[in-house]
Amino acid sequence: MTGKRAFRLAAVVAVFMACASASAADSCSTLVGRKKINIVVPFKPGGGYDSYARVLAPVLQDITGARVAVSNIAGANGVSGMKAIASAPVDSITLGVFDLRDLLAARLTDATLPPIADFTAIGAFGETNGVWASREDGVRLLAGNQPLAAGVSTGVVSRILLPAMLLDREVKLVRGYSGSADRWLALLRGDVDLTDGSLDSVQRFVSSAPGTRVLMVLSDGPFAELPGVPHLAGPGGLVDLHTRKLDPKVRRERMELASLAADLAQTSRAVAIARTAPAPVRACIEAAVEQALFSATLRDAAKLQKLVVEPMRGAVVREHLVRIERSMMKHQAVLKRLAAAS
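Quick note, the sequence shown lines up with residues -24 to -1, 1 to 318 if you use mature numbering (1 follows the signal peptide of the UniProt record, and there is no 0).
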């Protein structure tokens, strides 16, 4: 196929998909136009997920003709809100804005969380890599062999314990912190050596807290915007460099685990609906959410609030989750051992 023909075909496909999405959203307005759509954020008002949900709500309302409201159901590290989404009555339309990857990681240490099978991902605002952050002098931490003190977070197995294990580092977990801001303050006080978080959130913390830095990116490649900051997985990553003298089979497993850690550490600000929602409603809401996420209206509104939007279709989000779940099943013995130690 020539370059010109390929370009024309791509253009036709893009136009077809846009028209199909708009058409599906139009039929959706007939189905749900007189109803109420409730977007649940499983955290307190004012955070990142809350901001994204409130940007989505008016756009989704314009597309569907339904009344769209945002409600915050905080409590138990997001468990209360997630349970409310998963158990929403079938005659209601309840969406959630939260991180399904984080749910996969959190269930390693908290079996009370709803299983990911209770939800259907119908889109995402985008993804951002996880990172380790430290004080400015913390760069020595990666080269040493002393135990590392870290605050406990919901994704402690995948974001802290697994990367540390792959680098043959011991971690001492410090408990009692209620959220990322609390753990960040612990870092500033010197109570812990490092903390984890999403790249965009940590960069905001670093910009407002002189003397702190991004220590490592939990990704499978380097970041041009963070020159000199090492990455965990993939070629040239810390695990690659650290395992070159190991037995090939052991090295291969560690490289696979490093990629899994990078995948689980990514923050995906997803939009989800309960799996029990009627199929016609689920399909039309997914089409409407897709139209909203890819719209200029939402992008412009997000830009005003300095929110990054790199929208993803529901099918793409679901494919990523399936791939991660398969890798978790393959390496479940290691993950269970780390979870038990946490």
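Idealized CB from N, CA, C, for every residue including glycine. On a predicted model such as this, the values are computed, not experimentally measured, just so you know.
Check: For ARG30, the nearest candidate out of ALA277, MET288, SER303 and LEU214 (CA to CA); Outcome: ALA277
Check: Counted within 10 angstroms of its Cβ, other Cβ atoms place GLN308 as buried (16 or more) or exposed; Outcome: exposed
Check: Spatial distance of GLY155 from GLY54 (CA atoms); Outcome: 11 Å
Check: Every unbroken alpha helix (DSSP H) within the segment 144 to 186, with a cutoff of 4 residues, ordered by chain; Outcome: 156 to 165 and 175 to 184
Check: Distance between LEU222 and SER129 (C-alpha atoms, nearest Å); Outcome: 31 Å
Check: LEU118 versus VAL215 - alpha carbon distance; Outcome: 12 Å
Check: Three-state class that DSSP yields for ASN105 in the structure shown; Outcome: coil
Check: Any 3 or more C-beta pairs closer than 8 Å across the segment 219 to 235 and the segment 171 to 183; Outcome: no
Check: Bounding residues of the beta strand (DSSP E) (the contiguous stretch that carries VAL44); Outcome: 43 to 48
Check: Inter-residue Cα distance where the pair is GLY106 and GLY197; Outcome: 12 Å
Check: Under 8 Å between C-beta atoms of VAL66 and THR252; Outcome: yes
Check: Beta carbon of LEU79 nearer than 8 Å to that of ILE13; Outcome: no
Check: Integer-rounded CB distance, given that VAL133 should sit under 8 Å from SER5; Outcome: That pair is no contact at about 43 Å.
Check: Host alpha helix (DSSP H) of ILE39 (start-end); Outcome: 24 to 40
Check: Three-way DSSP call (helix, strand, coil) for ASN14 in this model; Outcome: strand
Check: Helix, strand or coil at GLY72 according to DSSP, with G and I counted as helix; Outcome: strand
Check: Residues near ALA250 by beta carbon distance below 7 Å, same chain, minus five either side; Outcome: ILE61, ALA62, ALA64, THR70, ASP94 and PHE95
Check: Backbone CA spacing between ALA140 and LEU36 [nearest angstrom]; Outcome: 42 Å
Check: Closest Cα partner of GLY212 within the set PRO256, GLU201, ILE98 and VAL193; Outcome: VAL193
Check: Range of the contiguous beta strand (DSSP E) that encloses SER244; Outcome: 243 to 250
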